[in-house]
DNA sequence: AATAATAAGTAATAATACTTAGTTTTTAAA
DNA sequence: TTTAAAAACTAAGTATTATTACTTATTATT
């Protein structure tokens, strides 16, 4: 895996660009505000990027140059902590926004982002977005709601890390991943390494492996290589039922 | 401590109401957008509430009726978890907003809020705020930025809970509280119970007590009843320096 | 002022999680 | 295809944290 800088990726405009008007991704916040934004040159100013599996397209600490909207594919968003240890903040699916935190705290990204599979991203520059946000209250309001939703999710995760034991967090995470990405033939649509599960859950690889091993023995999950399938979703839900919440996708 | 409902508190309009135009609180987001909002009837539609120390003014799960802006005082915002155990999401100071997460997920508050000292709050109804946000892009944009900042803070806390040991988290928290609320005569301006420190840090009372005891022995902090003072701020910072970050206030 | 309740503190024990050290399997590179 | 590297797996040992059981001090109530 080579580390491409955001800048070099930025210039990699491909002939597969699709304008926002004809894009089929209905969950995208830009798409949903297209009527409001239609008088703006804004929607013609995006760049569409093809990102290979494993490719990093946002470097932590790099200057914020824009927001990425996931047109297709899956992405993990992470922060690097002590000793280079990675913490996965969230997984992003189609229609979701990456790099949005840079709007708040200044000029650099506080996160990194890597594609988990081949992905197509639409990138809008920060300056352009700021301008159009300041012109379009409806769009601004929708962006605000997006952030409010992200904040709720983040705080649910804070609670999970504070009050759940590791096994509970693992159960919670499997339910979340399953709900967010769905399953095919009984296996969750996003194969992740044990390390990635650990980085998301805030524990070690070995702990994940140990808990998966136990869950497999207890017939709650099944594994085929990196693919994980949930066999008994109710039992998994029961693991966390005392906590009375699920992470929203 | 009696639990007043938000509704009854809501009606408790006092003669000490001050209009936004003459309010001296310069950090308030409404105040900062006053020029933009001046044509709106909006700023005359707030309610000013006097909240006693220990009084709960937001009940988790209650319908969202508005946002609270802290004119004066200090507040803790919490979520209730397993077995009624409380998790403190954050502390809020003057000029800060409470209840803002209700904008994202629907009709009820996902948090509770209690005044840590006598506090004065300005409350704007959700409907009114939505209307004015949809009319004023500058204000909407500023609200969006506020949420983006809150999201960054929340994610820093996620990272802290994932990767720091309890002692490190305690050091981090003391630095944060000290920075946010300041000190007088060598003691942090917000006396908290050991339970509250624990609820914020995501550990048990006894663990807090144990770590405070150790930090006192090592001359890093001093305690007078519930008041805590930092004696050696550099040593405290050194406890978390390997993690390369501070929680922003 | 006296009493009751709660919070702070301490020590010991139990439970949980992390780390280390290996082996086996899978994936990537040559 | 072979080899090397990385990931997955397992077990054992160590460290951290939570829980339990008290005592003491402080705060709230009567």
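Protein chains in written order, with the working numbering: chain A, 378 to 626; chain B, 378 to 626. Every residue gets a Cβ at the ideal spot worked out from N, C-alpha and C, and that includes glycine.
Under the three-state reduction of DSSP, which class applies to residue i: helix, strand or coil?
i             : result
residue 453/B : strand
residue 573/B : helix
residue 398/A : coil
residue 432/B : coil
residue 486/A : coil
residue 498/A : strand
residue 447/B : strand
residue 522/B : helix
residue 561/B : strand
residue 441/A : coil
residue 389/A : Residue placement at residue 389/A is flagged as unreliable, the pLDDT there being 45, under the threshold of 50; the coordinate-derived value follows with that caveat. Correct three-state label for residue 389/A: coil.
residue 464/A : strand
residue 478/A : coil
residue 604/A : strand
residue 597/A : coil
residue 567/A : coil
residue 611/B : helix
residue 427/A : strand
Do residue i and residue j have their C-beta atoms closer together than 8 Å?
i             : j             : result
residue 523/B : residue 443/B : no
residue 434/B : residue 451/B : no
residue 446/B : residue 498/B : yes
residue 406/B : residue 474/B : yes
residue 513/A : residue 440/B : no
residue 531/B : residue 531/A : yes
residue 491/A : residue 453/A : yes
residue 520/B : residue 521/A : yes
Nearest-angstrom Cα distance between residue i and residue j?
i             : j             : result
residue 437/A : residue 457/A : 8 Å
residue 398/A : residue 478/A : 26 Å
residue 414/B : residue 507/B : 13 Å
residue 606/B : residue 583/B : 19 Å
residue 609/B : residue 619/B : 18 Å
residue 557/A : residue 542/B : 30 Å
residue 461/A : residue 411/B : 45 Å
residue 536/B : residue 585/A : 18 Å
residue 612/A : residue 518/A : 40 Å
residue 400/B : residue 496/B : 15 Å
residue 429/A : residue 489/A : 15 Å
residue 378/A : residue 494/A : A caution first: residue 378/A carries a pLDDT of 42, below 50, which makes its placement in the model unreliable, though a value can still be read off. If you take the alpha carbons of residue 378/A and residue 494/A, they lie about 13 Å apart.
residue 615/A : residue 563/A : 20 Å
residue 421/B : residue 396/B : 7 Å
residue 552/A : residue 597/A : 12 Å
residue 571/A : residue 528/B : 27 Å
residue 503/A : residue 432/B : 42 Å
residue 581/A : residue 592/B : 28 Å
residue 388/A : residue 511/A : Because residue 388/A sits at a pLDDT of 44, beneath the cut-off of 50, its placement in the model cannot be relied upon, and the following sentence gives the value as read from the coordinates. Cα to Cα, the separation comes out at about 27 Å.
residue 590/B : residue 601/B : 13 Å
residue 617/B : residue 484/B : 39 Å
residue 631/B : residue 459/A : No statement about residue 631/B is possible, as the shown extent of chain B runs from 378 to 626 and does not include it.
residue 476/B : residue 561/A : 39 Å
residue 525/A : residue 526/B : 11 Å
residue 394/A : residue 394/B : 56 Å
residue 480/B : residue 480/A : 19 Å
Give every residue of the same chain whose Cβ lies closer than 7 Å to the Cβ of residue i, excluding the five residues on either side of it in the sequence, and list them in chain order.
i             : result
residue 402/A : 408, 448, 471, 472
residue 463/B : 455, 457, 576
residue 419/A : 505, 509
residue 559/B : 566
residue 555/B : 565, 607
residue 686/A : Because chain A spans 378 through 626 in this model, residue 686/A falls outside it and cannot be assessed.
Spatial neighbours of residue i within its chain, please: C-beta separation below 6 Å, excluding the five flanking residues on both sides.
i             : result
residue 588/B : 544, 547
residue 568/B : 603, 604
residue 538/A : 579
residue 465/A : 453, 455, 576, 577
residue 599/B : 606, 608
residue 404/A : 472
Closer than 8 Å by C-beta to residue i: which residues in its own chain qualify, once you throw out the five before and the five after it? Chain order, please.
i             : result
residue 540/B : 620
residue 573/A : 453, 465
residue 382/B : Confidence at residue 382/B is low in this model, with a pLDDT of 40, below 50, so its placement is unreliable and the value that follows should be read with caution. Excluding sequence neighbours, residue 382/B sits near 436, 439.
Exercise. Name, going along the chain, the residues of the segment 509 to 520 of chain A whose beta-carbon falls closer than 7 Å to a beta-carbon of chain B.
Key: Taking 7 Å as the Cβ-Cβ cut-off against chain B, the residues of the segment 509 to 520 of chain A that qualify are 510, 511, 512, 513, 514, 515, 517, 518, 520.
Quiz item: At a Cβ cut of 7 Å, what residues of the segment 445 to 462 of chain B count as close to chain A, listed as they run along the chain?
Solution: Along the segment 445 to 462 of chain B, the positions whose C-beta sits under 7 Å from a C-beta of chain A are 456, 458, 459, 462, read in chain order.
Exercise. Identify each residue in the segment 530 to 543 of chain B for which the Cβ-Cβ distance to at least one residue of chain A is less than 7 Å, and report them in chain order.
Key: Legend: CB atoms of the segment 530 to 543 of chain B lying less than 7 Å from CB atoms of chain A belong to residues 531, 532, 534, 535, 536, 538, 539, 540.
Quiz prompt | Contacting positions in the segment 576 to 598 of chain B - beta carbon closer than 7 Å to chain A | solution = If you check each beta-carbon in the segment 576 to 598 of chain B against every beta-carbon of chain A, the ones closer than 7 Å belong to 579.
Quiz item: Given a limit of 8 Å on CB to CB distance, which residues of the segment 557 to 571 of chain A reach chain B?
Solution: Within the segment 557 to 571 of chain A, no residue has a Cβ that lies closer than 8 Å to any Cβ of chain B.
Quiz item: Given a limit of 9 Å on CB to CB distance, which residues of the segment 433 to 444 of chain A reach chain B?
Solution: None of the residues of the segment 433 to 444 of chain A has a beta carbon lying less than 9 Å from any beta carbon of chain B.
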